[in-house]
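Trainee:
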Amino acid sequence: MLGEFEYLLLSVTARLGDEAYGAAIRAAFEQATGRRCSVGALYTTLDRLEAKGLVQTWMGEATPQRGGRAKRMVRVTARGARQAAQFYRTVVRASRGVSWETTRSLVR
């Protein structure tokens, strides 16, 4: 089972499509969630997702805009898409019947 952070990284990576690379994924994550994402957390998690076969990474072309450095490109694999879909379905199923607006007053 994926963790929340892994799921969110897979989601923003899939949304970015062919433009998915480290800095873009980090920016998209922060914009989508309103949470900060450290470079270390990002790349550690991408390495873990790659080891699980959920993403594929490769080095893109070096660009003058990056001072001649190459981008680490990222693509969600078919297996990664299946696991993300399963995570989403599980959250939706587990949340059925819960109204967080009305439940909030019950939580202490």
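Residues in the sequence shown are numbered consecutively from -11, following the working numbering.
Ideal placement from N, C-alpha and C gives every residue a C-beta, glycine not left out.
At 3 residues or longer, and completely inside the stretch 16 to 94: list those beta strand (DSSP E) runs for me, N to C.
Mentor: 43 to 50 and 58 to 64
Trainee: Just grab the DSSP bridge partners of Y9 for me.
Mentor: Partner(s): M61.
Trainee: Does the Cβ of A16 have 16 or more other Cβ atoms within 10 Å, making it buried, or fewer, making it exposed?
Mentor: buried
Trainee: In three-state terms, what does DSSP make of L4?
Mentor: In the three-state reduction of the DSSP assignment, L4 falls in the helix class.
Trainee: With a threshold of 16 other CB atoms inside 10 Å of the CB of G68, please say whether the residue is buried or exposed.
Mentor: buried
Trainee: Answer yes or no: do T1 and V27 have a C-beta to C-beta separation smaller than 8 Å?
Mentor: no
Trainee: List the whole-angstrom C-beta distance separating L(-10) from Q71, where the pair is believed to meet the contact cut-off of C-beta under 8 Å.
Mentor: 6 Å
Trainee: With a 10 Å radius around its C-beta and 16 neighbouring C-beta atoms as the bar for buried, classify Y8 as buried or exposed.
Mentor: In the sequence under discussion, the amino acid at residue 8 is Ala, which differs from the Tyr named in the question. By the Cβ-count criterion, A8 is buried, with 16 or more other Cβ atoms from all chains shown falling within 10 Å of its own Cβ.
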